[in-house]
Amino acid sequence: SLAAAVRADVALGAHRPADALKALEAVRGEVPLDLSGASPFGEDYARFLRGEALLAAGNDDEALRWFEHGFDGSPDEMAFRAQVSFRLGDIYERKGERQKAIDSYSKFARLWAACDPRLQPAVEDARARLARLTAEPRS
């Protein structure tokens, strides 16, 4: 599973989401219970990459399912919570679910408020999206 995640990550970096999804087909989540709490065996990164690949392939509905439910109770849930919140905000915004987008972007900005300087552009992007969404008239 770890090798599949690495192949998927490389494919996504090369803007080949279909290849990333193909690489992740083998990741089934069948991890022995005694290893499930130890990264990299928990497959959380592979689940995150699958959501990313689905987004890149234009499959927002399936990506939404992965991001909404793919990390609940997982050992690395906290490690992905901010990134997942940003992705959810993006999907909700495109779907016209304004309040859900606002909530997700707010959560992301709050979680990464004190992030490393090189990650600050993502926080600024989320805050700009929030400003735009909160300034729009409610329909």
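In terms of our numbering, the sequence shown opens at residue 5 and continues consecutively. Backbone N, C-alpha and C define an ideal beta-carbon position, used for all residues, glycine too.
Expressed to the nearest angstrom, what Euclidean distance is found between the alpha-carbon atoms of A86 and R131? Put simply, the backbone Cα of A86 is about 14 Å away from that of R131.
Residues of its chain near A15, where Cβ-Cβ distance is below 7 Å and the 5 sequence neighbours each way are ignored: The answer, listed in chain order, is D23, A24 and A27.
Can you tell me the Cβ-Cβ gap for A50 and L59, rounded? I've got them flagged as a contact below 8 Å. In fact, because the Cβ distance is near 15 Å, the residues do not count as touching under 8 Å.
Please classify G17: does DSSP put it in a helix, a strand, or coil? Here G17 sits in helix by DSSP.
So what does DSSP say about S5, is it helix, strand or coil? Coil, per DSSP.
Could you tell me which whole alpha helix (DSSP H) segments of length 4 or greater appear in the stretch 48–129? Annotation: the stretch 48–129 contains the following complete segments of the alpha helix (DSSP H) (minimum length 4 residues), in chain order: 48–60, 64–73, 81–99 and 102–115.
Decide if E29 is buried, meaning its Cβ has at least 16 other Cβ atoms within 10 Å, or exposed. A residue is called buried when at least 16 other Cβ atoms come within 10 angstroms of its Cβ; E29 does not meet this threshold and is exposed.
Rounded straight-line distance, which links the Cα of M82 to that of D38: Confidence in D38 is poor, its pLDDT being 48 and thus under 50, which makes the residue's placement unreliable; the coordinate value appears in the next sentence. The straight-line gap separating the alpha-carbon atoms of D38 and M82 is approximately 20 Å.
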